[in-house]
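Below is one structure, written out as structure tokens; the observations come after it.
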Amino acid sequence: FPRFLELEKYLELISNRGTIRPDEQFEGALRDAIDQMWTSSGQVPDCDRIMGCLKRAIFLMYPEERALELEERLRIGEGLVKTVFIHAFMDVHTFEVDRIKKCCTHYALPDGRLMPGCAYNNLYRQKDERFAGPVGKAQIWGAKSEEPA
2 FPRFLELEKY LELISNRGTI RPDEQFEGAL RDAIDQMWTS SGQVPDCDRI
52 MGCLKRAIFL MYPEERALEL EERLRIGEGL VKTVFIHAFM DVHTFEVDRI
102 KKCCTHYALP DGRLMPGCAY NNLYRQKDER FAGPVGKAQI WGAKSEEPA
């Protein structure tokens, strides 16, 4: 989207979200993008291919025969988009509380709480029974276990 949609509009669509939400705001932005592509035909690289992708998205997410629920449009849209998320995980040397407060990667804990990923990895993972490993003597890699399988 950032290649053919105004940057501010794109940032509005993705702010505080992992994916673009196919609501009325998205539909308006999509129409604006198509209008912009149409009027600047030849100036945008791969214009025909992009228009084809946008047309396909519109036909799938906004079919003429019936109105889809938002969740259904979201599922279709997620299947049409490739997204790469880059997140700088913190370790004990780069840990910052201010960054933890803004963290968008969370782990669901057994008691139902959500914990920021870096806080969990640095402060709690070793206490989590699911990842602590077996209690007792550490096993030597490659050695045969004395316990029957």
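Following our numbering, the numbering of the sequence shown begins with 2 at its first residue and continues without gaps. Positions of the beta carbon are idealized from the N, C-alpha and C atoms, including for glycine.
Counterpart residues of residue i in DSSP-defined beta bridges
i, result
"residue 237", "Nothing about residue 237 can be read from this structure; the chain reaches only from 2 to 150."
Sequence-distant residues of the same chain with beta carbon closer than 6 Å to residue i, five excluded per side
i, result
"residue 61", "77"
Integer-rounded CB distance, given that residue j should sit under 8 Å from residue i
i, j, result
"residue 90", "residue 118", "7 Å"
"residue 88", "residue 106", "6 Å"
"residue 30", "residue 10", "5 Å"
"residue 26", "residue 8", "In fact, because the Cβ distance is near 16 Å, the residues do not count as touching under 8 Å."
"residue 99", "residue 123", "In fact, because the Cβ distance is near 15 Å, the residues do not count as touching under 8 Å."
"residue 38", "residue 59", "At roughly 13 Å, the Cβ-Cβ gap does not stay under 8 Å, so residue 38 and residue 59 are not in contact."
Residues near residue i by beta carbon distance below 8 Å, same chain, minus five either side
i, result
"residue 104", "117, 118, 119, 120"
"residue 20", "75, 78, 79, 82, 84"
"residue 40", "none"
"residue 126", "132"
"residue 69", "62, 63, 77"
"residue 16", "none"
"residue 113", "none"
Residue i: CB within 7 Å of a non-hydrogen atom of the ligand HEM
i, result
"residue 49", "The ligand HEM is not part of the structure shown, which contains no ligands of any sort."
Residues near residue i by beta carbon distance below 7 Å, same chain, minus five either side
i, result
"residue 24", "71"
"residue 109", "115"
"residue 101", "117, 119, 120"
Q.
Quick test of the definition: if touching needs 3 or more C-beta pairs under 8 Å, does the region 42–52 touch the region 66–76?
A. Here the region 42–52 does not lie against the region 66–76, with fewer than 3 beta-carbon pairs under 8 Å apart.
Q: Entirely within the region 33–63 and at least 4 residues each: give me those alpha helix (DSSP H) ranges in chain order.
A: 48–62
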